[in-house]
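Asks: Sharing a structure with you now.
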Ligand SMILES: Cc1cc2nc3c(=O)[nH]c(=O)nc-3n(C[C@H](O)[C@H](O)[C@H](O)COP(=O)(O)O)c2cc1C
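Numbering (the numbering used here), first residue to last: -14 to 295.
The following block contains the structure:
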């Protein structure tokens, strides 16, 4: 006979693109370094991992050093970053990081980005072939070197990229949308049309700050991306619009700090929620948000809240 505890566990579990997750809270790419966390917390991290799946930092075909410092600037309700995707590149990731990430007790989602379709294809084929990988997240906030256009800002570029990548793997493909567009729902619909299994949103909002002491840009790159509670209402509106325009599941993120915030994202249409910037303040935030969400027991809406036709 199934115990009350087991029944509770099974009702809390989520099926996401055929991947069974213990609860709906994952991390946002680039905001939780599981390898560094394991060095600090040891095997205790594996016994009580804060997320139900782990999303890697975005990897690119070749190694990148990232931008020069200063790369982080705190804002009143969030932070600006211009980290610039530092990573070991595909080969370094597969040889050094993947074996360590495969030891995590949760499914692994690998985030990838490239500036051309052939390079994107190389990433998807190589990562998709690894059995340690449950799904691939496509970070499309990148230029296509041929057209010069930011892929995720154009529905046509997004659909063409999906047409090229979809045949290369049977693993779920999650398209990470940029919020820096007037109509994110059109990009999401194009991703779905091209065969995406899910979307995730939002990435950071393009933003700037100036150091009042010097009058110079606060970040060495001149501008960066805003994240944290400041972006939450923007994320909720974009999620609502995307959910109304697509049938595929969405991972909602943008300033989630607690269970009540997560409830809002689920009400707006998210199947999973991701915790990002809050993990810098509290490395156990994922587990806390999951526990708070569970006690809030949100009524999963049968359909997303309808959009007003303004
Ligand atoms: C320091 C930092 C690094 C990030 N790196 C990545 C990345 O490598 N790939 C990616 O898709 N998003 C990256 N993001 C964006 C987050 O995954 C997330 O979409 C965004 O921060 C909004 O969520 P939040 O407000 O909860 O942080 C990064 C965000 C921050 C703050």
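Ideal Cβ placement from N, Cα and C applies to all residues, glycine included.
1. Please report the straight-line C-alpha distance between residue 294 and residue 33, rounded to a whole angstrom.
2. Three-state secondary structure (DSSP) at residue 149?
3. Report the three-state DSSP secondary structure of residue 1 (helix, strand or coil).
4. What alpha helix (DSSP H) runs, 4 residues minimum, are completely inside the segment 159 to 195?
5. According to DSSP, is residue 294 helix, strand or coil?
6. Cutting at 6 Å between CB atoms, please list the residues of its own chain near residue 238, excluding the five before and the five after it.
7. In its own chain, which residues sit with a C-beta less than 6 Å from the C-beta of residue 171, not counting the 5 before and 5 after it?
8. Can you tell me where the beta strand (DSSP E) holding residue 264 begins and where it ends?
9. For residue 65, which three-state DSSP category applies?
10. Does the separation of the CB atoms of residue 75 and residue 111 fall below 8 Å?
11. So, with DSSP's three-state summary, where would you put residue 131?
12. Does DSSP put residue 32 in a helix, in a strand, or in coil?
13. What are the boundary residues of the alpha helix (DSSP H) that includes residue 83?
14. Nearest to residue 62 by CA position, among 231, 217 and 279, is which residue?
15. Anyone know if the C-beta pair for residue 159 and residue 120 falls short of 8 Å?
16. Let me check you understand the geometry: is the CB of residue 249 closer than 7 Å to at least one non-hydrogen atom of ligand 1?
17. Using a Cβ-Cβ cutoff of less than 8 Å, which residues in the same chain neighbour residue 267 once the five nearest sequence positions on both sides are dropped?
18. Is any heavy atom of ligand 1 found at a distance shorter than 7 Å from the C-beta of residue 166?
Replies: With the structure as the only source:
1. Position 309 of the chain shown, counting from 1, holds the residue named residue 294. Position 48 of the chain shown, counting from 1, holds the residue named residue 33. Unreliable positioning characterises residue 294 in this predicted model, as indicated by a pLDDT of 47, which lies under 50. The coordinate reading is nonetheless provided below. Roughly 45 Å between the two C-alpha positions.
2. Working through the chain shown from its first residue, we reach residue 149 at position 164. In the three-state DSSP reduction, residue 149 falls in the helix class (H, G or I).
3. Locating residue 1 in the chain shown gives position 16, counting from the first residue. Reduced to three states, the DSSP call for residue 1 is strand.
4. You should have 169 to 178.
5. Here residue 294 corresponds to residue number 309 of the chain shown, with the count starting at 1. Reliability of the predicted coordinates at residue 294 is poor, the pLDDT of 47 falling under 50, and the value obtained from them is presented with this limitation in mind. In the structure shown, residue 294 sits in coil (DSSP, three-state: anything other than H, G, I, E or B).
6. The residue given as residue 238 occupies position 253 in the chain shown. Sequence-distant partners of residue 238 (beyond 5 residues in either direction) whose C-beta falls short of 6 Å from its own C-beta, in its chain, are 13, 259 and 261.
7. Along the chain shown, one-based indexing puts residue 171 at 186. Close CB contacts of residue 171 within its chain, under the 6 Å cut and outside five residues either way in sequence, are with 140 (chain order).
8. Walking along the chain shown from the start, residue 264 turns up at place 279. Premise fails: residue 264 lies in the alpha helix (DSSP H), 263 to 266, not in any beta strand (DSSP E).
9. Position 80 of the chain shown holds residue 65. DSSP places residue 65 in the strand class (E or B) of the three-state scheme.
10. To locate residue 75, count along the chain shown from 1; it is residue 90. To locate residue 111, count along the chain shown from 1; it is residue 126. Residue 111 is positioned such that its CB atom lies closer than 8 Å to that of residue 75.
11. As a first step, residue 131 must be located in the chain shown, where it is residue number 146. Per DSSP, reduced to three states, the secondary structure at residue 131 is coil, with no helix or strand assignment.
12. Residue numbering aside, residue 32 sits at position 47 when the chain shown is read from its first letter. For residue 32, the three-state secondary structure derived from DSSP is helix.
13. Reading the chain shown from its first residue, position 98 is the one you call residue 83. Where residue 83 is concerned, the enclosing alpha helix (DSSP H) stretches over 83 to 86.
14. As a working note, residue 62 is residue 77 in the chain shown. Closest option to residue 62, judged by alpha-carbon separation, among 231, 217 and 279: 217.
15. Position 174 of the chain shown holds residue 159. Position 135 of the chain shown holds residue 120. Taking 8 Å as the cut-off, the Cβ atoms of residue 159 and residue 120 count as close.
16. In the chain shown, the residue the question calls residue 249 occupies position 264. Flag unset: Cβ of residue 249 not near ligand 1.
17. Here residue 267 corresponds to residue number 282 of the chain shown, with the count starting at 1. Apart from the 5 residues on each side of it in sequence, residue 267 sits with its Cβ closer than 8 Å to the Cβ of 273 in its chain, given in chain order.
18. If you number the chain shown from 1, residue 166 lands on position 181. For ligand 1, not one heavy atom lies less than 7 Å from the Cβ of residue 166.
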